[in-house]
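Enquirer:
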Amino acid sequence: MYDVTVTGGGPAGALCAEELAKKGFSCLLLEKSKPKRYKACAGGISLEAFNLKPVPDYIVERKIVLARIYSPLRSVDVGERDEPGYTVYRTEYDQWLRDQAQDKGAEIHYEEKVRKVTLKSCTVKGKKEYKSHVIVGAFGVCPCLYREFGVSISEWVQLIQQEFTLPEEVVSERIGNSLEIYFDSTYATWGYSWIFPKKEGVSVGLLSLPRTVRKKERLTHFVNDHQSKLKGATPKKFEKKYTFGGFIPLRPLEKTCGENFVLVGDSAGFCDPVTYEGISSALKSGRIAADTIERYLEHGHPLSSYEDEWRKELYEEDLKYAQKLQNLMYGHNLSDKLAEAVVDIANDDKDMNTALRWLLNRKKPRKTVYNLIMKKKFTLLRKLGLSTVRLLPRLM
Ligand SMILES: Cc1cc2nc3c(=O)[nH]c(=O)nc-3n(C[C@H](O)[C@H](O)[C@H](O)COP(=O)(O)OP(=O)(O)OC[C@H]3O[C@@H](n4cnc5c(N)ncnc54)[C@H](O)[C@@H]3O)c2cc1C
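What follows is the structure, encoded as structure tokens:
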């Protein structure tokens, strides 16, 4: 019998397990993969994610000081030296997080996939059956496990990605310590495409709506059209595959906790719906969950307070406004035009430039970013001309 069983050892589950172990609770973490598994991720660690859990130098691939944002016709640079981000490989980053949890006393079983969760008896079935007082759902996005917790997601987007190797000096010369972000619906039917630099390589990927056909071809098309950055790049293979993907819910789930369980990170739908940066929310929710579980196990306070806590810390100033920004920017046929206008304004206007910087590094909450962008709404309307009539409801 454990105090807590955590199902999944990504950033949310690993940090939750570490915090619980630090508080002295017995904690079992079940992870379906081997240690050092490959995880499809661009590996961007925002300033906020770094501040939540500073990453040791040996895991950092590049210290990021700039982002270059492209619309179909223009580009703008945003960045401040004293607001850096980082890139990592999730293979190393997640392993480091899990090792930290283990060092603090959490028990970790690798290659043990959770197949069944019985909430009534608070048991989790992997290779064996484990009983605990609380179960933490930290499995990312997995329809089978959602069913086990009696929850569901209604809308999601898909991200696909490939890793490439390129000599260090070539990455430095063509891309440098900069995130390359491309708003162009020719490739990404939702959001953007990206090239994120690593020490000796790049992660290249794009977002799309699940119903989009030929996603892989779109990615190949993107790679072929960006040879000035990617010429000579060799695709990397993991477990016999070159292209990997994942799903991300568009918004938090309606139910994120019950009498004896809480959901954290992507499992709860906490990934940012504008940038799809999900590591900081995963870490934050892992910590909030650990604090809530402590109050439950020590003082009998119900786990339902988890919902109040994440609403306060993740939603009211952040995810709520991220959803407004998503609604403004994506999912309509004016996305490219809007990106064009925003990038154009950000080249001359300090507020818009700052808003984009904070959007990416999460130095300030989404509410601040949203308000900064809204200050420019009449400039945006002017730039967009007649076509804005259809955007007006999203801007007001
Ligand atoms: C292509 C792509 C690029 C991305 N790029 C970025 C980025 O640059 N920066 C950023 O911040 N975010 C990025 N994200 C989002 C980010 O990856 C997620 O938001 C983040 O990983 C969420 O962490 P998590 O711990 O909630 O879930 P995950 O990281 O998905 O971890 C879940 C863990 O649970 C395990 N698991 C799953 N099912 C079971 C089971 N049945 N039993 C046991 N274990 C199980 C998995 O193996 C995994 O280790 C990207 C996502 C994708 C798909």
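Residue 3 is where the sequence shown starts when you use this note's numbering, and the numbers rise one by one after that.
Idealized CB from N, CA, C, for every residue including glycine.
(1) Alpha carbon to alpha carbon, how far is residue 188 from residue 220? Give it in angstroms, no decimals.
(2) In three-state terms, what does DSSP make of residue 2?
(3) What did DSSP end up calling residue 196 once you bin it into helix, strand or coil?
(4) Cα separation between residue 27 and residue 6?
(5) How would you call residue 304, buried or exposed, if buried means at least 16 neighbouring beta carbons within 10 angstroms?
(6) Let me know if residue 206 comes out buried or exposed under the rule of 16 or more other beta-carbons within 10 Å of its beta-carbon.
(7) Quick check: the Cα distance between residue 209 and residue 101, rounded to an integer number of angstroms?
(8) If the criterion is Cβ atoms closer than 9 angstroms, does the pair residue 137 and residue 146 meet it?
(9) Say the cut is 8 angstroms; is the CB of residue 266 nearer than that to a heavy atom of ligand 1?
(10) Between which residues of its own chain and residue 104 is the CB-CB distance below 6 angstroms, once the five residues before and five after are set aside?
(11) May I have the straight-line CA-CA distance separating residue 106 from residue 42, to the nearest angstrom?
(12) Which same chain residues end up closer than 7 angstroms to residue 46 when comparing Cβ atoms and leaving out the 5 residues on each side of it in sequence?
(13) Does the beta-carbon of residue 161, which I'm using as the reference point, lie nearer than 8 angstroms to any heavy atom of ligand 1?
(14) Tell me the DSSP secondary structure of residue 245 in three-state form.
(15) Can you determine whether any heavy atom of ligand 1 sits closer than 8 angstroms to the C-beta of residue 32, and answer yes or no?
(16) Just the C-alpha distance for residue 85 and residue 65, rounded to the nearest angstrom, thanks.
(17) Within 10 angstroms of its Cβ, does residue 294 collect 16 or more other Cβ (buried), or is it exposed?
(18) How would you call residue 363, buried or exposed, if buried means at least 16 neighbouring beta carbons within 10 angstroms?
(19) Could you spell out where the beta strand (DSSP E) holding residue 109 opens and where it closes?
(20) Please name the residue or residues paired with residue 240 in a DSSP beta bridge.
(21) For residue 255 and residue 333, what's the separation of their Cα atoms in angstroms?
(22) Among 201, 96, 134 and 117, whose alpha-carbon lies nearest the alpha-carbon of residue 15?
(23) Use the C-beta contact count for residue 60: other C-beta atoms within 10 angstroms, 16 or more gives buried, fewer gives exposed.
(24) Identify which residue in 328, 312 and 384 has its Cα closest to the Cα of residue 346.
(25) Buried or exposed for residue 368, please, with buried defined as at least 16 other CB atoms from any protein chain shown within 10 angstroms of its CB.
(26) Can you give, in chain order, each stretch of the alpha helix (DSSP H) that sits fully within the region 211-236 and has at least 4 residues?
(27) Could you tell me if the beta carbon of residue 281 falls within a distance shorter than 8 angstroms of some heavy atom in ligand 1?
(28) Return the first residue and the last residue of the beta strand (DSSP E) that residue 127 is part of.
(29) Shorter than 8 angstroms, the distance from the beta carbon of residue 278 to the closest heavy atom of ligand 1, or not?
(30) Specify the secondary structure class of residue 177 as computed by DSSP and reduced to three states.
(31) For residue 88, which three-state DSSP category applies?
(32) Taking the alpha helix (DSSP H) that residue 346 falls in, what are its first and last residues?
(33) Skipping 5 residues on each side, what residues in its chain have a beta carbon closer than 6 angstroms to that of residue 2?
Expert: Judging by the given coordinates:
(1) Stepping through the sequence shown from its first residue, residue 220 is reached at position 218. Stepping through the sequence shown from its first residue, residue 188 is reached at position 186. Residue 220 and residue 188: Cα-Cα distance of roughly 8 angstroms.
(2) Residue 2 is absent from the model: the chain starts at 3 and stops at 398.
(3) The count along the sequence shown starts at 1 and reaches residue 196 at position 194. Three-state DSSP puts residue 196 in a strand.
(4) Locating residue 27 in the sequence shown gives position 25, counting from the first residue. Locating residue 6 in the sequence shown gives position 4, counting from the first residue. Cα to Cα, the separation comes out at about 7 angstroms.
(5) In the sequence shown, counting from the first residue as 1, residue 304 sits at position 302. So residue 304 counts as exposed.
(6) For the purposes of this step, residue 206 is taken as residue 204 along the sequence shown, with counting starting at 1. Buried, since its Cβ has 16 or more Cβ neighbours within 10 Å.
(7) Numbered from 1 along the sequence shown, position 207 holds the residue referred to as residue 209. Numbered from 1 along the sequence shown, position 99 holds the residue referred to as residue 101. So the alpha carbons of these two residues sit roughly 31 angstroms apart.
(8) One-based indexing of the sequence shown puts residue 137 at position 135. One-based indexing of the sequence shown puts residue 146 at position 144. No, the Cβ-Cβ distance between residue 137 and residue 146 is not below 9 angstroms.
(9) Along the sequence shown, one-based indexing puts residue 266 at 264. Under cutoff, so the answer is yes.
(10) Locating residue 104 in the sequence shown gives position 102, where the first residue counts as 1. Excluding sequence neighbours, residue 104 sits near 110.
(11) Here the question's residue 106 lines up with position 104 in the sequence shown. Here the question's residue 42 lines up with position 40 in the sequence shown. Going by the C-alpha atoms only, they are around 27 angstroms apart.
(12) Taking the first residue of the sequence shown as position 1, residue 46 is located at position 44. Within the same chain, residue 46 has close Cβ partners 87, 89, 181, 198 and 279.
(13) Taking the sequence shown and counting its residues from 1, the one referred to as residue 161 is at position 159. Under cutoff, so the answer is yes.
(14) For this step, residue 245 is matched to residue 243 along the sequence shown. Residue state, collapsed to three classes: strand.
(15) Position 30 of the sequence shown, counted from the first residue, corresponds to residue 32. Checking the Cβ of residue 32 against ligand 1 gives yes.
(16) Counted from its first residue, the sequence shown places residue 85 at position 83. Counted from its first residue, the sequence shown places residue 65 at position 63. The alpha-carbon atoms of residue 85 and residue 65 are separated by roughly 10 angstroms.
(17) Position 292 of the sequence shown, counting from 1, holds the residue named residue 294. Under this definition residue 294 is a buried residue.
(18) The residue labelled residue 363 in the question sits at position 361 within the sequence shown. Classification for residue 363: buried.
(19) In the sequence shown, counting from the first residue as 1, residue 109 sits at position 107. 109-111 is the extent of the beta strand (DSSP E) around residue 109.
(20) Locating residue 240 in the sequence shown gives position 238, counting from the first residue. According to DSSP, residue 240 shares a beta bridge with 243.
(21) Sequence index remark: in the sequence shown, residue 255 carries index 253 (1-based). Sequence index remark: in the sequence shown, residue 333 carries index 331 (1-based). So the two alpha carbons sit approximately 20 angstroms from each other.
(22) Along the sequence shown, one-based indexing puts residue 15 at 13. Closest by alpha carbon: 96.
(23) Here the question's residue 60 lines up with position 58 in the sequence shown. Answer is exposed; the Cβ neighbour count stays below 16.
(24) As a working note, residue 346 is residue 344 in the sequence shown. Selected option, being the one with the closest Cα: 384.
(25) Locating residue 368 in the sequence shown gives position 366, counting from the first residue. Residue 368 is buried by the Cβ-count criterion.
(26) 217-227 and 229-232
(27) Start at 1 with the first residue of the sequence shown, and residue 281 comes out as number 279. It does: the Cβ of residue 281 is within 8 angstroms (strictly closer) of some heavy atom of ligand 1.
(28) In the sequence shown, the residue the question calls residue 127 occupies position 125. Start and end: 125-127.
(29) Position 276 of the sequence shown, counted from the start, is the residue given in the question as residue 278. The answer is yes for residue 278.
(30) As a working mapping, residue 177 is identified with position 175 in the sequence shown. Coil.
(31) Position 86 of the sequence shown holds residue 88. Here residue 88 sits in strand by DSSP.
(32) Translated into the one-based positions of the sequence shown, residue 346 becomes position 344. Residue 346 -> alpha helix (DSSP H) spans 337-350.
(33) Coverage of the chain is limited to positions 3 through 398, which leaves residue 2 absent and any answer about it impossible.
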